[in-house]
C-alpha cells in the first residue's frame, strides 16, 4: 500500500440532497491509507448516505469524493475496482445461492472463473457457509447473509473496504469472526471504513474516528484527539453524547404518561 | 366505524402521496387508460352473457332457460372466485396483519377485510355481468319478481364471500412456494384452454348447428355432479321462481344460505389462521442441482464480456425460477398447438392474401414475445437489495442493461424454438422462409420491447416477488408494452403482407431482416441514453424496490 498516492478516501464539500432533505452537507473528510476508520453519528446524520456515495450506489448532488485518487463519479469504474462494500441491508440477489452470488460478483470484477471458484470455496469455508452452498440466499438467516455479503466484498481483494453496520443483528459467534477478519485485513494494509452504532467495538478497533451530525463533521481524529477536543477523559460513548447528544434526556417527561386512564 | 375510517384515510393518503411525482401522475393517466380497457373487457363480458341469457329467456323451454342461467352464473363465478386466485388479486387486497398491533378485534378486522373485498378491483370485472343478467334474465322477460332479484343479489353476495374465503385459503394453505406456483401454472393453463375452447366449435362446418348444440349440451353426469354448487343451485332457484314452483325455490334458497354461511365460516377460519402466522410467507429451503442446461448456458455466456455475461447469467437464473418464466414455458406449447390444430381444418385458406398457416406461425412467434413483455417493462422488479450490487461493481450502466436484455432475449428465443417444435409436430416443419421470417419478427419485437423497457423499468419501477404471476408493472409500463406489441404486429404485418402483395414469398425474411436491422440500430442508439437514465435515477429505483 505504500506506493499508493494520496489518501484512501477523500471528500471535498460533498453534498447529497433527497428533494428538500439535505442528507450530507458539505462533508470534508480525509482517511489515510491503511487506517481503520470509524464513521459515527446519530440516526439520520448521513453516514449511510455518505457510504452509498463513496461506493457508487448513489450520485452526489455536489462536491467531490475520491477513492485512492479516483473520483467516484468521473472514474467510477476505476474507483469501484479497488473497493469492497458490505451494505447495511445486504445488497444480495436473494434468488441465487451463495456460490452463484460469489461467482456473479467475481465476474462483475472481471475475474477469471478459476480464480473465482478457488476464492469462493475458500471464503465459503471460512465463513462457515460451505455446507449451505446450494441453499438460496432468501433462505439464509440474517447472520448468514451478513457473512456472505462480507465474502462478496472480499473476493476481489479490495484495497478499501466499506462496512455499513456490519455488526447489526448478528450473533456473538459471527461478530467474533468478523472482528477477527477485520483485524487481519488491517494488518494486510487494507483501509477499513466502518460505521457502527456499537461504540465499544469502534473504540476497540478504530485508529481514527469521525463523528458527523446533520451531514457535517463535528469531530475528527484519534480517540485521544477527540478527548482533547471535548475536554473529557471518558469513553467514546460519553464523547459521542457530548458532541451530538443534543442536550440531556433524563429530565424529559411525557405529561400524560402515568397510572391514569389510557 | 372509526377503524374503517382510519383504513380509508390511510389508503387515501397513500394514493395521494403516490401522485405527488411525475412518475405517479403519469401512472395515473396510464392507469385510467388501462381501466378503460378493462372496463371495455367487462362490458364485453356483460354483453356476451346478457345475450346468452336473453336468448334463453325468450324461450318457453324451461330447460333452455335453466341452461342459460347455468352458463351465465358459472362464468360469473369463475371470474369472481377463480380468477382472483390465479392473478393473485387476493394477496394484494387489504392486509389486516399490519393492524394486529392495534387494539382491534379479529372479528372487526375480518369484517374490514370482507368490506374491502366488495370494493376490490378484481370484482369490478363481473359486477356488470351480474347486472346485465338481472336485466336480460329477470327484468326484460318479465313479469319482474322481486324474489328473483333477491336470489341474484344473494348469489352475488355469496360469490364475494367465497372469493375472499378461497383467496385466504389459497394464501394460507398454499404457502409452499412450489405448490403455489404449480397451482397457479395449472390454473393459468386452464384459463387459456377454457378461453379458446369455444373456438373448437367449427361454425363454418356444414352441420354447425348440431355441433354448437353438442358443445352447449352438458353431459348428464357433469350436470348431476355440479348440481350441488351455488351457480347450479341459483340457476334452479331462478328457473323455479319463474315457473312458480315456490316449494322447490324455497328449498334451493336454503342451500344457498348454507353455502353462504359455510363461506363466511371458512373465510373467518382461514383469516384467523393467516393472522396467527403473522401473514408472512413461510420460507422453504430450495436446493438445486447443476443441470446440463446450466452447463450449456454457462459455456455460451462465458464468451461474452465478463460483466455482461454475469448479468445475463444472473438474469436467466432468475427468469427460469420465476413464476412468469416457468408459466411461459408451459403455456407456450398449449398456445401453439391449439391455434395450429384449428387452422389445420382450413387447408389452403388465406387471410387478406396471406396463407393462414403462415399467419398462425407468425402469431405464435408474436405470442412468444408478448409472454415476456411484462418482464421487459419492469426489468428490475425482482432485484430488491441486489440492485445495489450493480452499482458497487466496476461496470458501466449500459453493460447492466445489455446483460439484462440478453437474458430475456435468450428466454424469448427458447420460447420461439419451443413454438417451432410444437408447430412442427402438429403440422409438420414449416418452410425455411416461414421459419426465418417468424424468428426474425420475434427478435425484432423482443429488441423493440427491451428498448422501451430500458426506460420504463427505470422511470416507473415496481417491486415484485419472483414467484408472483401477476404483472405488477406500472400502468405506464403496461400501456407502453401494449403499444410496443401493436407496433411490432404492424411491422410484422408490413413484412408478410408486403411480400404477399408483391407475390414474392422469399422477400419476407429479407424485409424482416431490414426491419430487424433498423430496430437493432435504434436500440443501440438508445442504449446510452437509457444507461444515463439508469445512472441518474438509481435513487428512485432503490426507493421503489424497497432497497434504499
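Chains as they are written, first to last, in the numbering used here: chain C, 10 to 271; chain X, 11 to 558. For each residue, glycine too, the CB sits at the ideal point set by N, CA and C.
Roughly how many angstroms separate the alpha carbons of residue i and residue j, rounded to a whole number?
i: residue 252/C; j: residue 227/C; result: 7 angstroms
i: residue 190/C; j: residue 42/X; result: 55 angstroms
i: residue 245/C; j: residue 457/X; result: 57 angstroms
i: residue 128/C; j: residue 164/C; result: 6 angstroms
i: residue 487/X; j: residue 269/C; result: 55 angstroms
i: residue 365/X; j: residue 510/X; result: 9 angstroms
i: residue 30/C; j: residue 523/X; result: 51 angstroms
i: residue 179/X; j: residue 448/X; result: 43 angstroms
i: residue 546/X; j: residue 61/C; result: 14 angstroms
i: residue 215/C; j: residue 120/C; result: 31 angstroms
i: residue 44/C; j: residue 160/C; result: 21 angstroms
i: residue 185/C; j: residue 339/X; result: 47 angstroms
i: residue 78/C; j: residue 554/X; result: 33 angstroms
i: residue 18/C; j: residue 65/C; result: 13 angstroms
i: residue 197/C; j: residue 328/X; result: 37 angstroms
i: residue 414/X; j: residue 537/X; result: 12 angstroms
i: residue 171/C; j: residue 369/X; result: 57 angstroms
i: residue 87/X; j: residue 171/X; result: 11 angstroms
i: residue 187/C; j: residue 69/C; result: 30 angstroms
i: residue 335/X; j: residue 493/X; result: 22 angstroms
i: residue 418/X; j: residue 318/X; result: 13 angstroms
i: residue 261/X; j: residue 166/X; result: 19 angstroms
i: residue 67/C; j: residue 158/C; result: 19 angstroms
i: residue 325/X; j: residue 35/X; result: 30 angstroms
i: residue 47/X; j: residue 497/X; result: 18 angstroms
i: residue 10/X; j: residue 94/X; result: Past the edges of chain X, shown from 11 to 558, lies residue 10/X, and the structure says nothing about it.
i: residue 247/X; j: residue 156/X; result: 13 angstroms
Measure from the alpha carbon of residue i to the alpha carbon of each residue in the options, then state which is nearest.
i: residue 183/C; options: 152/C, 193/C, 157/C; result: 152/C
i: residue 180/C; options: 154/C, 77/C, 211/C; result: 154/C
i: residue 103/C; options: 338/X, 44/X, 392/X; result: 392/X
i: residue 445/X; options: 394/X, 374/X, 419/X; result: 374/X
i: residue 331/X; options: 550/X, 507/X, 421/X, 66/X; result: 421/X
i: residue 218/C; options: 248/C, 65/C, 170/C, 123/C; result: 248/C
i: residue 91/X; options: 175/X, 77/X, 38/X, 125/X; result: 175/X
i: residue 245/X; options: 282/X, 158/X, 274/X, 324/X; result: 158/X
i: residue 283/X; options: 268/X, 177/X, 269/X; result: 177/X
i: residue 48/C; options: 242/C, 205/C, 25/C; result: 205/C
i: residue 66/X; options: 170/X, 469/X, 78/X, 259/X; result: 78/X
i: residue 147/X; options: 60/X, 168/X, 172/X, 130/X; result: 60/X
i: residue 264/X; options: 278/X, 168/X, 316/X, 326/X; result: 168/X
i: residue 283/C; options: 211/C, 267/C, 237/C, 265/C; result: The requested residue 283/C is not part of the displayed model; chain C covers only 10 to 271.
i: residue 52/X; options: 37/X, 137/X, 62/X, 35/X; result: 137/X
i: residue 118/X; options: 54/X, 251/X, 281/X; result: 281/X
i: residue 254/C; options: 54/C, 83/C, 27/C; result: 54/C
i: residue 93/C; options: 337/X, 416/X, 399/X; result: 399/X
i: residue 75/C; options: 176/C, 169/C, 109/C; result: 169/C
i: residue 97/C; options: 174/C, 237/C, 209/C, 63/C; result: 174/C
i: residue 135/X; options: 115/X, 62/X, 89/X, 541/X; result: 89/X
Assuming residue i contacts residue j (C-beta within less than 8 angstroms), just tell me the rounded distance between them.
i: residue 453/X; j: residue 526/X; result: 6 angstroms
i: residue 137/C; j: residue 107/C; result: About 11 angstroms separates the two Cβ atoms, so there is no contact after all.
i: residue 145/C; j: residue 125/C; result: So it is not a contact: roughly 19 angstroms between Cβ atoms.
i: residue 372/X; j: residue 544/X; result: The Cβ separation is near 33 angstroms, so there is no contact.
i: residue 459/X; j: residue 491/X; result: 7 angstroms
Per DSSP, which residues does residue i bridge with? Please list them.
i: residue 145/X; result: Looking at the DSSP assignment, residue 145/X forms no beta bridge with any residue, so it has no partner.
i: residue 218/C; result: 47/C, 230/C
i: residue 27/C; result: 30/C
i: residue 106/C; result: 145/C
i: residue 200/C; result: 169/C
i: residue 365/X; result: 360/X
i: residue 73/C; result: 21/C
i: residue 192/C; result: Residue 192/C pairs with nothing; no bridge assigned.
i: residue 95/C; result: 172/C
At a cut of 8 angstroms, does the stretch 164-175 of chain C reach the stretch 112-123 of chain C through at least three beta carbon pairs? yes
For the 8 angstroms Cβ check, are there 3 or more pairs between the stretch 420-431 of chain X and the stretch 337-351 of chain X? yes
The stretch 365-385 of chain X / the stretch 464-472 of chain X touching (three or more Cβ pairs under 8 angstroms): no
Quick one: any contact between the stretch 81-98 of chain X and the stretch 526-537 of chain X, if contact means 3 or more CB pairs under 8 angstroms? no
Stretch-stretch touch, CB-based, cutoff 8 angstroms, three pairs: the stretch 235-242 of chain X with the stretch 60-75 of chain X: no
Does the count of Cβ pairs from the stretch 230-245 of chain C and the stretch 23-41 of chain C closer than 8 angstroms reach three? no
Given 8 angstroms, three or more beta-carbon pairs between the stretch 403-410 of chain X and the stretch 79-92 of chain C: yes
Would you check if there are 3 or more beta carbon pairs closer than 8 angstroms linking the stretch 116-124 of chain X to the stretch 137-146 of chain X? no
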